[in-house]
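This report refers to the structure that appears directly beneath it.
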Amino acid sequence: MCLDCPVGWASYNGECFHFSKSTASWLDAQAACRQMGGYLATDDNKEKHDFLTNIASVIHSFGETVFWLGGDDYLFEGVWRWEETGGPVVSFTKWAPGYPTNSSDTNCLGMVFVDTELMWKVGTLLKLSKYTKCAQHI
Numbered sequence: 001m002c003l004d005c006p007v008g009w010a011s012y013n014g015e016c017f018h019f020s021k022s023t024a025s026w027l028d029a030q031a032a033c034r035q036m037g038g039y040l041a042t043d044d045n046k047e048k049h050d051f052l053t054n055i056a057s058v059i060h061s062f063g064e065t066v067f068w069l070g071g072d073d074y075l076f077e078g079v080w081r082w083e084e085t086g087g088p089v090v091s092f093t094k095w096a097p098g099y100p101t102n103s104s105d106t107n108c109l110g111m112v113f114v115d116t117e118l119m120w121k122v123g124t125l126l127k128l129s130k131y132t133k134c135a136q137h138i
């Protein structure tokens, strides 16, 4: 926790992160993050991924709970981008085996535990998830 982040948010490398325990679709999670002044979190390097994994493992018992991220391929099928920057998902990826799938009904990026490792999978815009990861710049 850092004084620069709102209460209930964790600080990492110039960003604040918040894990919501509310069930939400990707679209509702995106709207909730924006309402809090943030955006769905990016997972764009190994160090941040390790940080997010540590937080997720503390608040989550291993299972198929999805943690929404701010990645999608809604504009162009198979071209994944971060919604916060509009930039492509290229420099770091953590896809689960068999992913990504290039299906027109799975356009949203989420993270799930595969055994004890937090990995990326894809979901639909309206699928409900227990957790949302929001971020904001400090």
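Just so you know, we're using full-length UniProt numbering here: the sequence shown kicks off at 1 and counts up by one.
From the three backbone atoms N, C-alpha and C, an ideal C-beta is built for every residue, glycine too.
Computed from a prediction, not measured in an experiment: that's the story for all the values here.
Neighbour-count burial assignment, residue i, 16 or more Cβ in a 10 Å radius
{"i": "Lys121", "result": "buried"}
{"i": "Ala31", "result": "exposed"}
{"i": "Leu118", "result": "buried"}
{"i": "Glu77", "result": "exposed"}
{"i": "Thr116", "result": "exposed"}
{"i": "Lys21", "result": "exposed"}
{"i": "Gly8", "result": "exposed"}
Beta-carbon proximity list for residue i, same chain, < 6 angstroms, skipping 5 on both sides
{"i": "Gly98", "result": "none"}
{"i": "Thr53", "result": "Leu118"}
{"i": "Thr71", "result": "Here the sequence assigns Gly to residue 71, which means Thr is not the residue at that position. Excluding sequence neighbours, Gly71 sits near Trp80, Trp82, Val89 and Leu109."}
Beta-bridge partners of residue i, as assigned by DSSP
{"i": "Thr132", "result": "Ser20 and Trp68"}
{"i": "His137", "result": "Glu15"}
{"i": "Lys121", "result": "Gly110"}
{"i": "Ala88", "result": "Sequence check: residue 88 is Pro here, not Ala. The partner list for Pro88 (beta bridge, DSSP) reads Arg81."}
{"i": "Leu40", "result": "Cys134"}
Residue interval of the beta strand (DSSP E) (run including residue i)
{"i": "Ala10", "result": "Ala10 to Tyr12"}
Cβ shell of residue i (< 7 angstroms), same chain only, five flanking positions each side left out
{"i": "Leu125", "result": "Ser25, Trp26, Leu27, Asn107 and Cys108"}
{"i": "Ser103", "result": "none"}
{"i": "Cys2", "result": "Reliability of the predicted coordinates at Cys2 is poor, the pLDDT of 46 falling under 50, and the value obtained from them is presented with this limitation in mind. Cβ within range, chain order: Ser11."}
{"i": "Thr101", "result": "Val122"}
{"i": "Arg34", "result": "none"}
{"i": "Pro6", "result": "Cys16"}
{"i": "Lys94", "result": "Asp43, His49, Met119 and Trp120"}
Enclosing alpha helix (DSSP H) for residue i [first to last residue]
{"i": "Cys33", "result": "Trp26 to Gln35"}
Same chain only: Cβ atoms within 8 angstroms of residue i, ignoring 5 sequence neighbours per side
{"i": "Phe92", "result": "Asp43, Asp44, Asn45, Lys46 and His49"}
- Do the stretch 31–51 and the stretch 83–99 touch if we need at least three Cβ pairs shorter than 8 angstroms? In short, these stretches touch, since the Cβ pair count reaches three.
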